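Undergrad: Top line first, the protein sequences correspond to chains A and B. The numbering of the first sequence is the working numbering, which starts it at 360 and goes up by one. The numbering of the second sequence is the working numbering, which starts it at 360 and goes up by one. From the three backbone atoms N, C-alpha and C, an ideal C-beta is built for every residue, glycine too. Quick caveat, the model's predicted, so the values are computed rather than measured. Got a structure for you, questions after.
Number of protein chains: 2
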Amino acid sequence: MAVYTEVSDEELQAFIAGYDLGNVLSFKGIAEGVENTNYLVRTEAGPHILTLYEKRVREEDLPFFLGLMEHLAASGLACPVPVRDREGQMLREVAGRPAAIITFLDGLWVRRPSTEHCAALGETLARLHLAGQTFSMTRPNALSVTGWRPLYDASGARADEIVDGLHEELGRELDELEAKWPTDLPQGIIHADLFPDNVFFLGRDVSGVIDFYFACNDALAYDIAICLNAWCFEVDAAFNITKARALLRAYTYVRPFSKEEFDALPILARGAAMRFLLTRVYDWLNTSSDALVRPKDPNEYVRKLRFHRGVTSTREYGLGE
Amino acid sequence: MAVYTEVSDEELQAFIAGYDLGNVLSFKGIAEGVENTNYLVRTEAGPHILTLYEKRVREEDLPFFLGLMEHLAASGLACPVPVRDREGQMLREVAGRPAAIITFLDGLWVRRPSTEHCAALGETLARLHLAGQTFSMTRPNALSVTGWRPLYDASGARADEIVDGLHEELGRELDELEAKWPTDLPQGIIHADLFPDNVFFLGRDVSGVIDFYFACNDALAYDIAICLNAWCFEVDAAFNITKARALLRAYTYVRPFSKEEFDALPILARGAAMRFLLTRVYDWLNTSSDALVRPKDPNEYVRKLRFHRGVTSTREYGLGE
């Protein structure tokens, strides 16, 4: 939660004048978003989000992200839509940063998702995957299995500062994941970061999915594995099979699993736990103490990884074949 | 800029249900406000601000602050109005913190105030002072001259870590301020923290004054002295007499100075610079490096204090008698 880049009123007004949005009525930095700076801008045309893309987002990826949001919204998925300026551009610049105006979505993200929320998530994720099938741009997943070893090496033995023996444990895990990682699963656009703070609800209904800045092409079932990790554990790290069952059933009701996907889910879930554990370990060891954003605790994902390592069948996640 | 206290969706909805505001549509932490946690809450009744009062605000002062906002708004000043719940309460509790819902004000705070902005500020400040004359509650100014020596002593010789010789310089300054501080000036409610980020504009017009959490009873002219410091210096620390003249003329057009106020302004401006310098020095020396809010640079106020020390008459601020 941070505002990394300040925007002066002159810069803001010159920027907004390029759009068909009328005058600016209000402008507030939002304490959300770890990677980018977000402002809530109210104009005569209503509320919008102004996002300034900071250094962790590669500028050459922005047309993919913005194009994807526009495509998914046009396909009927509730997600922010980049607003085009008077010249038809979605990507512009303000305060020396690449920037875009996107539509504002009503809704709240749920701090403690219920089983009903997990079911609604499953349905939405399946619809996102189906809508993504007709998107023509592609972006490889830099944080899939081939990206993990460089991350692992970057932290090295310092991982033991977090949990004694973690470096060796992750090394063995990585060897196994690299050896067993499935490569023949149905591919498509995945969100790749669908944590609870990226899904807005009004009551029990999903009102929108946000933050597509990790979206990429990968195995669709890997996205589900990320959600199993992010939505189906309790605060005490206990796996909640009722929530997992609700998520998986709702997903497969819209988009049924292939036999290969069903079989692969436990290893995908281990991989997803590994992916978030590796970035958290790296951030934990490399975030300076005066950073605006506090790194997330890696321990949560150590426990999740160990849980999935003990799972031998997707039935243990609550889904029958 | 920080969200110190997280509010769960359950807590939020239970809290909002106590008001006549309908359902919650959106809820976002705002990256503004150093002392408190602020959320923008959109409900069916429109946008509001939810403020959670953190530890630096004394709970026993809250009825004064909330009552003052209600009084000033009723007197026609554009400022946030605390919303009363179904039982008539303005001050409630959420997530273990004292909390209030206040109305949302349109407008932008100006990063680089112009002469026109300074004039609009002067008029608004005078109207605030007049409206405050009929407010019945009182609160002493803990950060006036009697509060400075304890702050000075709390930093002690460590002030020299910021500017070599600063401890001695401030000691001499404090002796002189204590000896010469005027006590016979017209008193009333002052804002006491009217920096540019606390005044919203739509174009050249003030659309609202916010953040009354330092408001107190003190010499009215001291509030003007704070504004001279906060609005009338350029980024390079040069005093802008054109802006000061605009501020003072607009103020005195609405509320003329007494002879004593006119004569006292230079010492009040030194005192105001001292007050912000002392808290900045203290915060600079005592903010842990992992704090969510970075302390403000004290050097800016060292330069301002030295400037005012060289001023012998209010005429040097651009105002004739």
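1) Rounding to the nearest angstrom, what Cα-Cα distance links MET360 of chain B and ALA390 of chain B in this structure?
2) How should VAL400 of chain B be labelled, buried or exposed, when 16 other C-beta atoms within 10 angstroms of its C-beta is the threshold for buried?
3) Excluding five sequence neighbours on each side, which residues of the same chain lie with their C-beta closer than 7 Å to the C-beta of VAL640 of chain B?
4) For ILE375 of chain B and GLY405 of chain A, what's the separation of their Cα atoms in angstroms?
5) Classify GLU597 of chain B: buried if its beta carbon has 16 or more other beta carbons within 10 angstroms, exposed otherwise.
6) Cα-Cα, which of A:ASN395, A:GLU394, A:ILE408 is closest to LEU371 of chain A?
7) Got a sec, what are the start and stop residues for the beta strand (DSSP E) ILE460 of chain A sits in?
8) What residues from chain C crowd round ALA589 of chain B, counting only those whose CB sits closer than 8 Å?
9) Check for me: the alpha helix (DSSP H) holding THR601 of chain B runs from which residue to which?
10) Which residues share a DSSP beta bridge with TRP468 of chain A?
11) Check whether the Cβ of ASP368 of chain A lies closer than 7 Å to any Cβ atom in chain B.
12) Between MET633 of chain B and LEU536 of chain B, how many whole angstroms is the CB-CB distance? I'm expecting something under 8 Å.
13) Relative to the alpha-carbon of LEU411 of chain A, which residue among A:PHE616, A:TYR572, A:TRP590 has its alpha-carbon at the smallest distance?
14) One question on the structure: do ALA333 of chain B and GLU482 of chain B come within less than 7 Å of each other, judged by their Cβ atoms?
15) I'd like to know whether the C-beta atoms of LEU692 of chain B and ALA623 of chain B end up nearer to each other than 7 Å.
16) Counting only beta-carbon atoms, is ASP465 of chain A nearer than 7 Å to chain B?
17) For MET360 of chain A, name the three-state secondary structure that DSSP assigns.
18) Taking CYS477 of chain B and LEU606 of chain B to be in contact with their CB atoms under 8 Å, please state how far apart those CB atoms are, rounded to whole angstroms.
19) Please report the residue range of the alpha helix (DSSP H) in which GLN546 of chain A lies.
20) Thinking just about the alpha-carbon of each residue, which of B:PHE554, B:ASP534, B:PRO422 is nearest to the one in SER495 of chain B?
21) On a Cα-Cα basis, can you pick out the residue from B:THR364, B:LYS663, B:ASP512 that is closest to HIS526 of chain B?
22) Given that GLY388 of chain A touches chain B, what residues does it touch there, using C-beta distances under 9 Å?
23) With a cut-off of 8 Å on the beta carbons, I'd call LEU487 of chain A and LEU436 of chain A a contact; round off their distance for me.
24) If contacts are defined as beta-carbon pairs under 8 Å, then THR402 of chain B and VAL362 of chain B qualify, I think. What distance do you get, rounded to the angstrom?
25) Would you call ARG417 of chain B buried or exposed, if buried means 16 or more other Cβ atoms sit within 10 Å of its Cβ?
26) Taking only beta-carbon atoms, is ARG417 of chain B less than 7 Å away from chain A?
27) Please identify the residue among B:SER473, B:PHE463, B:GLU413 whose C-alpha is closest to the C-alpha of ALA432 of chain B.
28) Please list the segments of the alpha helix (DSSP H) lying wholly inside the segment 625-674 of chain B, counting only runs of 4 or more residues, in order along the chain.
29) May I have the straight-line CA-CA distance separating ARG665 of chain A from GLU528 of chain A, to the nearest angstrom?
30) Excluding sequence positions up to five away, which residues of its chain have a Cβ less than 7 Å from the Cβ of ASP379 of chain A?
31) Would you kindly check if the distance between the Cβ of ILE585 of chain A and the Cβ of ALA631 of chain A is under 7 Å?
32) Is LEU411 of chain A close to chain B, meaning its C-beta is less than 7 Å from at least one C-beta of that chain?
33) Just to check my reading of the structure: LEU467 of chain A and PRO441 of chain A have Cβ atoms closer than 8 Å, yes? What is that Cβ distance to the nearest angstrom?
34) So that I know if they touch, is there some Cβ in chain A lying closer than 7 Å to that of VAL469 of chain B?
TA: With the structure as the only source:
1) Position 1 of the second sequence, counting from 1, holds the residue named residue 360 of chain B. Position 31 of the second sequence, counting from 1, holds the residue named residue 390 of chain B. Only weak support exists for where MET360 of chain B lies, its pLDDT of 44 falling under 50; the value from the coordinates is given anyway. Near 4 Å, if we compare the C-alpha coordinates of ALA390 of chain B and MET360 of chain B.
2) Position 41 of the second sequence, counting from 1, holds the residue named residue 400 of chain B. Here VAL400 of chain B is buried, its C-beta having at least 16 other C-beta atoms within 10 Å.
3) Counting from 1 along the second sequence, the entry for residue 640 of chain B is found at position 281. Exclusion of the five residues before and after VAL640 of chain B leaves SER514, ALA518, ILE521, PRO657 as the residues of its chain whose Cβ lies within less than 7 Å of its Cβ.
4) The residue labelled residue 375 of chain B in the question sits at position 16 within the second sequence. The residue labelled residue 405 of chain A in the question sits at position 46 within the first sequence. Those two C-alpha atoms are separated by around 23 Å.
5) Taking the first residue of the second sequence as position 1, residue 597 of chain B is located at position 238. With the sequence shown as reference, residue 597 of chain B is identified as Ala, and Glu is not the correct amino acid for it. With fewer than 16 other beta carbons inside 10 angstroms of its own, ALA597 of chain B counts as exposed.
6) Position 12 of the first sequence holds residue 371 of chain A. Its Cα nearest to that of LEU371 of chain A, the residue A:ILE408 stands out among A:ASN395, A:GLU394, A:ILE408.
7) Taking the first residue of the first sequence as 1, we reach residue 460 of chain A at position 101. Where ILE460 of chain A is concerned, the enclosing beta strand (DSSP E) starts and stops at 456-462.
8) Looking at the structure shown, chain C is missing, and the protein chains on hand are A and B.
9) Counted from its first residue, the second sequence places residue 601 of chain B at position 242. Per DSSP, THR601 of chain B belongs to the alpha helix (DSSP H) from 600-613.
10) Position 109 of the first sequence, counted from the start, is the residue given in the question as residue 468 of chain A. TRP468 of chain A pairs with A:PHE559.
11) As a position in the first sequence, residue 368 of chain A is number 9, starting the count at 1. Yes, because at least one Cβ of chain B sits closer than 7 Å to the Cβ of ASP368 of chain A.
12) Indexing the second sequence from 1 puts residue 633 of chain B at position 274. Indexing the second sequence from 1 puts residue 536 of chain B at position 177. The distance from the Cβ of MET633 of chain B to that of LEU536 of chain B is about 6 Å, consistent with a contact at the 8 Å cut-off.
13) As a first step, residue 411 of chain A is located in the first sequence; it is residue number 52 there, counting from the start. For LEU411 of chain A, the closest of A:PHE616, A:TYR572, A:TRP590 by C-alpha to C-alpha distance is A:TYR572.
14) In the structure as shown, chain B begins at 360 and stops at 680. Residue 333 of chain B is therefore absent and cannot be evaluated.
15) This structure cannot speak to residue 692 of chain B, because chain B is shown only from 360 to 680.
16) To locate residue 465 of chain A, count along the first sequence from 1; it is residue 106. Yes, its Cβ sits closer than 7 Å to a Cβ of chain B.
17) Reading the first sequence from its first residue, position 1 is the one you call residue 360 of chain A. Low per-residue confidence applies at MET360 of chain A: pLDDT is 44, beneath 50, and the placement is therefore not dependable enough to give any value.
18) For the purposes of this step, residue 477 of chain B is taken as the residue at position 118 of the second sequence. For the purposes of this step, residue 606 of chain B is taken as the residue at position 247 of the second sequence. That pair is a contact at about 4 Å.
19) Taking the first residue of the first sequence as 1, we reach residue 546 of chain A at position 187. Counting along the chain, GLN546 of chain A falls outside any alpha helix (DSSP H), though it belongs to the beta strand (DSSP E) covering 546-549.
20) Mapped onto the second sequence, residue 495 of chain B falls at position 136. Ranked by how close their Cα comes to the Cα of SER495 of chain B, the residues B:PHE554, B:ASP534, B:PRO422 have B:PRO422 in first place.
21) On the second sequence, position 167 is the one that residue 526 of chain B refers to. Out of B:THR364, B:LYS663, B:ASP512, B:ASP512 has the C-alpha closest to the C-alpha of HIS526 of chain B.
22) Residue 388 of chain A sits at position 29 when you count from the first residue of the first sequence. Chain B residues near GLY388 of chain A: MET360, ILE389, ALA390, GLU391.
23) In the first sequence, residue 487 of chain A corresponds to position 128, counting from 1. In the first sequence, residue 436 of chain A corresponds to position 77, counting from 1. A Cβ-Cβ separation of about 6 Å places LEU487 of chain A in contact with LEU436 of chain A under the 8 Å criterion.
24) Counted from its first residue, the second sequence places residue 402 of chain B at position 43. Counted from its first residue, the second sequence places residue 362 of chain B at position 3. Actually they do not touch by this definition, with Cβ atoms about 19 Å apart.
25) Taking the second sequence and counting its residues from 1, the one referred to as residue 417 of chain B is at position 58. Result: exposed.
26) As a first step, residue 417 of chain B is located in the second sequence; it is residue number 58 there, counting from the start. Chain A contact via Cβ: absent.
27) As a position in the second sequence, residue 432 of chain B is number 73, starting the count at 1. Looking only at B:SER473, B:PHE463, B:GLU413, the smallest Cα-Cα distance to ALA432 of chain B is reached by B:PHE463.
28) Runs found: 658-668.
29) Taking the first residue of the first sequence as position 1, residue 665 of chain A is located at position 306. Taking the first residue of the first sequence as position 1, residue 528 of chain A is located at position 169. The C-alpha of ARG665 of chain A lies about 10 Å from the C-alpha of GLU528 of chain A.
30) Taking the first sequence and counting its residues from 1, the one referred to as residue 379 of chain A is at position 20. Correct list, in chain order: ARG445.
31) By 1-based counting over the first sequence, the position of residue 631 of chain A is 272. By 1-based counting over the first sequence, the position of residue 585 of chain A is 226. Cβ atoms of ALA631 of chain A and ILE585 of chain A: closer than 7 Å.
32) In the first sequence, residue 411 of chain A corresponds to position 52, counting from 1. Contacts with chain B at 7 Å (Cβ-Cβ) do not include LEU411 of chain A.
33) One-based indexing of the first sequence puts residue 467 of chain A at position 108. One-based indexing of the first sequence puts residue 441 of chain A at position 82. Rounded to the nearest angstrom, the Cβ distance from LEU467 of chain A to PRO441 of chain A is 23 Å, too far for a contact under 8 Å.
34) Mapped onto the second sequence, residue 469 of chain B falls at position 110. Yes, because at least one Cβ of chain A sits closer than 7 Å to the Cβ of VAL469 of chain B.
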